[in-house]
Amino acid sequence: MADIKRETDGPSPFAASGYDFTKIPDYDNDFIGEEDLVEFERALTAPEILSPSQDDLLSPGPTPHNRSIFITALNDWRPIHQRVRKKKRDPRRGKDETREGFVYVLLKWPLLLFVLGWLFVLGVSYLFTRLYIYLYEHWVTWRGRRNRLRKDLQKTKTYEEWVEAANELDKHLNNDKWKKVDEYAYYDSKTIRRVRDQLVKLRAKAEVEDTGLNFDSGKGIKAVDELRALVEACVKNNFAGYENPRLYSETYFGTKSLVQSFVDEAEKSLQLLLKTKQLDHESKRTLFKHLYTNFGRTALCLSGGATFAYYHFGVAKALLDANLMPEVITGTSGGALVAGLLATRTDEELKRLLVPALANRITACHDDMLTWFKRWCKTGARFDSVDWARRCAWFTRGSMTFREAYERTGRILNVSCVPSDPHSPTILANYLTSPDCVIWSAVLASAAVPGILNPVVLMKKTKDGTLTPYSFGHKWKDGSLRTDIPLKALNLHFNVNFSIVSQVNPHINLFFFSSRGSVGRPVTHRRGRGWRGGFLGSATEQYLKLDLTKWLKVLRHLELLPRPLGQDWSEIWLQRFSGTITIWPKSVVSDFWHILSDPNPERLGRMIHVGQQSAFPKLKFIANRMKLERLIEEGRRATRPKYEDGSLNNVLSEDDLRALLKNAKQNSAGTAPPPFSRASSRGSTSGRRSPAIGKPPPLRTQISGDKKTDEGRSGTATGAESPSLGTRFSGWWKGITQPERAQLRRRSHRSGYSSPYEGGRPQSMIELRPSKSDALDYWDRQRSEDAQEEDHAQLSRRGSIIKELERQSQVFYDDENFDVSSGGGSESEEDEEGEEGDWDGVERQEDGEEDFGQR
Numbered sequence: 006m007a008d009i010k011r012e013t014d015g016p017s018p019f020a021a022s023g024y025d026f027t028k029i030p031d032y033d034n035d036f037i038g039e040e041d042l043v044e045f046e047r048a049l050t051a052p053e054i055l056s057p058s059q060d061d062l063l064s065p066g067p068t069p070h071n072r073s074i075f076i077t078a079l080n081d082w083r084p085i086h087q088r089v090r091k092k093k094r095d096p097r098r099g100k101d102e103t104r105e106g107f108v109y110v111l112l113k114w115p116l117l118l119f120v121l122g123w124l125f126v127l128g129v130s131y132l133f134t135r136l137y138i139y140l141y142e143h144w145v146t147w148r149g150r151r152n153r154l155r156k157d158l159q160k161t162k163t164y165e166e167w168v169e170a171a172n173e174l175d176k177h178l179n180n181d182k183w184k185k186v187d188e189y190a191y192y193d194s195k196t197i198r199r200v201r202d203q204l205v206k207l208r209a210k211a212e213v214e215d216t217g218l219n220f221d222s223g224k225g226i227k228a229v230d231e232l233r234a235l236v237e238a239c240v241k242n243n244f245a246g247y248e249n250p251r252l253y254s255e256t257y258f259g260t261k262s263l264v265q266s267f268v269d270e271a272e273k274s275l276q277l278l279l280k281t282k283q284l285d286h287e288s289k290r291t292l293f294k295h296l297y298t299n300f301g302r303t304a305l306c307l308s309g310g311a312t313f314a315y316y317h318f319g320v321a322k323a324l325l326d327a328n329l330m331p332e333v334i335t336g337t338s339g340g341a342l343v344a345g346l347l348a349t350r351t352d353e354e355l356k357r358l359l360v361p362a363l364a365n366r367i368t369a370c371h372d373d374m375l376t377w378f379k380r381w382c383k384t385g386a387r388f389d390s391v392d393w394a395r396r397c398a399w400f401t402r403g404s405m406t407f408r409e410a411y412e413r414t415g416r417i418l419n420v421s422c423v424p425s426d427p428h429s430p431t432i433l434a435n436y437l438t439s440p441d442c443v444i445w446s447a448v449l450a451s452a453a454v455p456g457i458l459n460p461v462v463l464m465k466k467t468k469d470g471t472l473t474p475y476s477f478g479h480k481w482k483d484g485s486l487r488t489d490i491p492l493k494a495l496n497l498h499f500n501v502n503f504s505i506v507s508q509v510n511p512h513i514n515l516f517f518f519s520s521r522g523s524v525g526r527p528v529t530h531r532r533g534r535g536w537r538g539g540f541l542g543s544a545t546e547q548y549l550k551l552d553l554t555k556w557l558k559v560l561r562h563l564e565l566l567p568r569p570l571g572q573d574w575s576e577i578w579l580q581r582f583s584g585t586i587t588i589w590p591k592s593v594v595s596d597f598w599h600i601l602s603d604p605n606p607e608r609l610g611r612m613i614h615v616g617q618q619s620a621f622p623k624l625k626f627i628a629n630r631m632k633l634e635r636l637i638e639e640g641r642r643a644t645r646p647k648y649e650d651g652s653l654n655n656v657l658s659e660d661d662l663r664a665l666l667k668n669a670k671q672n673s674a675g676t677a678p679p680p681f682s683r684a685s686s687r688g689s690t691s692g693r694r695s696p697a698i699g700k701p702p703p704l705r706t707q708i709s710g711d712k713k714t715d716e717g718r719s720g721t722a723t724g725a726e727s728p729s730l731g732t733r734f735s736g737w738w739k740g741i742t743q744p745e746r747a748q749l750r751r752r753s754h755r756s757g758y759s760s761p762y763e764g765g766r767p768q769s770m771i772e773l774r775p776s777k778s779d780a781l782d783y784w785d786r787q788r789s790e791d792a793q794e795e796d797h798a799q800l801s802r803r804g805s806i807i808k809e810l811e812r813q814s815q816v817f818y819d820d821e822n823f824d825v826s827s828g829g830g831s832e833s834e835e836d837e838e839g840e841e842g843d844w845d846g847v848e849r850q851e852d853g854e855e856d857f858g859q860r
């Protein structure tokens, strides 16, 4: 559950200590030197270097210092210096992107005027519909004691007070009865109940085994292995629908009792698997890697919105006070400034920073109107880039890079930037894609709205600490124009599949409307089964919103929109603005008047409080998610191999390197490792794999010129040189004849196990082919009739719930290769071979992600 202890929080927005700017950490430290600003200004004013074929000799523009000017007369009778006709202004669109044709030219402007007029009519209709819904709820829904309890809920100042008021309101609305009933259409209650009961049973047995009571290692499968298999099958993103937001949208606080008990039991089971000594280190590492891949990560996404972005401070404070701040944080435009502050400060520093006194450090809009007007007439922008860089650097602790911020706080900062070219791809700057990029330059680029701030150059920090232009000096601008919430990029880089979006964009905030309630804000009339504003009101709102979207897409696809300030504005309405959880703080009319002005402490205090209030209803949902995610991350870090500087951790994992070295040296000495499957080497307890097939003979690692042996094995070092990598590769395709391969497959199929060497071809680069005799006779030497019968008895003793979950979780392996005719209990020979290859690919991908994240 979220932390509700007041003593762990920082100053309240209403406390007097929150208005004392002298208590803000590093208040008088600007963190940035003048030399960094000089380099930034030099990069902004540097001319764009053109290739010789692109030079325009008729345009006397600035010339780079390393380029000479070639001057000549047009002919012998005309002078060198003469009046040249003024160059025509560059078109808004290039020739290659302008639609041609008589009909297009004829109908473009009439169609544009018609669509804009119809959009205006739809917009006015939408405003009247929302007004009707507001009056309906005010006069019909919120009456009597229900209205008084709702006002008490809105007056709370801390999360502890909010929880008490929410529980009282739920009790009055009979939402407690809904929590106790397991059945609900938006999740599989039967599966959740059976898994929860089985987790309780297996965890109790595993705890008894840990104490050494009633434990016999020679008989049956241990309970901890069954618990491991069950946890790996059920701890997944939205398993059986238990993370459906609808489960948290019927009450003000909490969810179904069954769902809550399942989450709590999964947490206890993960704790047991992390601490138990019955599982070896490799089994734990494999387990938590698979859990990480299936469960994913959580990201906090802060939208743009000019000074509306200061509501993000309240959302961040609510998450911080509840100890629920995610490690992955992304920000765009104004949200990038807040994200930069969160990612460069520790928790203790943030608790003292997120106070109303922080307004004394927000001075980006300090110039008067006359200065703004002169600058806009001269440069086309309202603000000065270098001045903003000086004031923004305090929020990012000076010229700190993305990598330095990650090393200091452990948080992964992401900033969306859009190139000045309207058709170039956007970037998501973070410690992986741009580790040496300076954060304040990315924040400025993400906030460079056309007409407000000119496009800027990203800066990077060199090894000696000086700043130079990043990405060849190309210029970037506001990320909200195209990627306000970069969910696809976050999923690609950091496996993010659960997003907490704080949305404050003023042009989109009005259109956030949940006709059937949202997380922590249910529809209170008709026992939660009604519609906000009645069915007609909700239906009209939905129709108008969809019709607005349709006509905006028509403008974009027909390319009817002009480009004011040289920018394509079509994506400003049509991109995705929501996430798994979307928080939209309630703004007031005065916020629009102060949209480009600095807040005073009183106004910032109100915005922090409103941001907290908007986040309180979502904290229970986030807490249930984060308790499992943090245990999985703790398990990965505890079992992750340790690397030294200069190792190849970005190419292969430590285990892959050891296996490659071990098998290569053994091949050079003429000994081949036994052909055991990769699934068994990982310690898999899947029903289609044996937990053990007998220990292979000791493997000797021979290293040329060294007396060291492989870790955990002993052997005599020799001076024999290992064959070249090309020689070993060429040996893979030779040696085993086709009849011998068929014989090996038949023996493997009869014994119920899959060999990674079927067909004479290894499944990955780190598996080397064994010798013929060892490969053909291995199963006969290791397996006997008694051992096969014992394994069959062990597998049959597994509970039916585990078999059922394994059949349902075939997608983790390969759905296309699943043998439906067998009823989910077995696979054909070809299916096993294909599945083994999929396992190998997943393993290599996960190793690469883990190793790359270690850097």
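Everything in the sequence shown is counted per our numbering, starting at 6 for the first residue and increasing by one. We put the CB at the ideal spot given by N, CA and C, even for glycine.
| query | result |
| --- | --- |
| Where does MET612 land, buried or exposed, given buried means 16+ other C-beta within 10 angstroms? | buried |
| To the nearest angstrom, report how far apart PRO491 and LYS632 are at their CA atoms. | 25 Å |
| With DSSP as the reference, label ARG350 as helix, strand or coil. | coil |
| Any beta carbon of chain B sitting closer than 7 Å to that of GLY415? | Protein chain content of the structure displayed is limited to a single chain, and chain B is not contained in it. |
| So, for LYS289: in the same chain, excluding its five sequence neighbours on each side, which residues have a beta-carbon less than 8 Å away from its beta-carbon? | LEU278, LEU279, GLY640, ALA643 and THR644 |
| In the DSSP output, which residue or residues are listed as bridge partners for ARG387? | The partner list for ARG387 (beta bridge, DSSP) is empty, contrary to what the question assumes. |
| In this structure, does DSSP put THR312 in helix, strand or coil? | helix |
| For my contact list, VAL229 and GLN283 are in at a C-beta cut-off of 8 Å; report their separation, rounded to the angstrom. | 5 Å |
| What are the boundary residues of the beta strand (DSSP E) that includes ASN419? | 417 to 424 |
| Does MET374 pass the burial test, meaning 16 or more other C-beta atoms within 10 Å, or should it be called exposed? | exposed |
| Give the DSSP bridge partners of ARG526, in chain order. | SER523 |
| With respect to the beta strand (DSSP E) encompassing LEU472, which residues constitute its N-terminal and C-terminal limits? | 472 to 474 |
| Assuming PRO16 and VAL360 make a contact with CB atoms under 8 Å, what is their CB distance in whole Å? | 5 Å |
| Where ALA494 and ASN365 are concerned, what is the direct C-alpha to C-alpha distance, given to the nearest angstrom? | 35 Å |
| Report the CB separation of LEU363 from ALA321 in whole angstroms; it is logged as a contact under 8 Å. | Rounded, the Cβ-Cβ distance is 12 Å, inconsistent with contact. |
| What are the boundary residues of the alpha helix (DSSP H) that includes ASN152? | 149 to 159 |
| Who pairs with PHE503 in a beta bridge, going by DSSP? | THR303 |
| Label CYS382 either buried or exposed according to how many other C-beta atoms from any shown protein chain fall within 10 Å of its C-beta, with 16 as the threshold for buried. | exposed |
| Do the segment 348 to 358 and the segment 447 to 464 make contact, defined as three or more Cβ pairs closer than 8 Å? | no |
| For TYR247, collect the residues of the same chain with a Cβ closer than 7 Å to its Cβ; drop the 5 residues on either side in sequence, then sort them by chain order. | TYR192, ILE197, VAL264 and PHE267 |
| Would you call the segment 431 to 445 and the segment 405 to 415 in contact, with 3 or more CB pairs under 8 Å? | yes |
| THR473 to ARG47, Cα distance in whole Å? | 10 Å |
| Taking all protein chains shown into account, decide if VAL205 is buried (16 or more other Cβ within 10 angstroms of its Cβ) or exposed. | exposed |
| Out of curiosity, what's the CA-to-CA distance linking LEU207 and LEU232? | 6 Å |
| Any contact of the segment 32 to 45 with the segment 462 to 471, i.e. 3+ C-beta pairs under 8 Å? | yes |
| Quick test of the definition: if touching needs 3 or more C-beta pairs under 8 Å, does the segment 500 to 508 touch the segment 575 to 584? | yes |
| If you compare alpha carbons, which of GLU412, GLY539 and ASN242 is closest to TRP144? | GLY539 |
| Look at LEU355 and SER507 and say whether their C-beta atoms are less than 7 Å apart. | no |
| On the DSSP letters alone, give me the boundaries of the alpha helix (DSSP H) that MET405 sits inside. | Careful: MET405 lies outside any alpha helix (DSSP H) and carries neither H nor E. |
| Taking 7 Å as the threshold (C-beta atoms), are SER619 and ILE600 in contact? | no |
| Less than 8 Å between C-beta atoms, sequence neighbours within five positions excluded: which residues of the same chain meet that for THR281? | ALA211, ASP215 and VAL229 |
| Going by DSSP, what residues sit across from ALA398 in a beta bridge? | Its beta-bridge partners do not exist; DSSP assigns none. |
| Alpha carbon to alpha carbon, how far is TYR818 from LEU497? | Residue placement at TYR818 cannot be trusted, given a pLDDT of 38 that sits under 50; what the coordinates show is reported in the next sentence. Spanning the two alpha carbons is a distance of roughly 20 Å. |
| Rounded to the nearest angstrom, what separates ASP269 and GLU166 at their Cα positions? | 24 Å |
| Go through its chain and collect everything with a Cβ distance to ASP25's Cβ below 7 Å, but skip five positions before and after it. | ALA362 |
| Would you mind sorting PRO430 into buried or exposed? The rule is 16 or more other CB atoms within 10 Å of its CB. | exposed |
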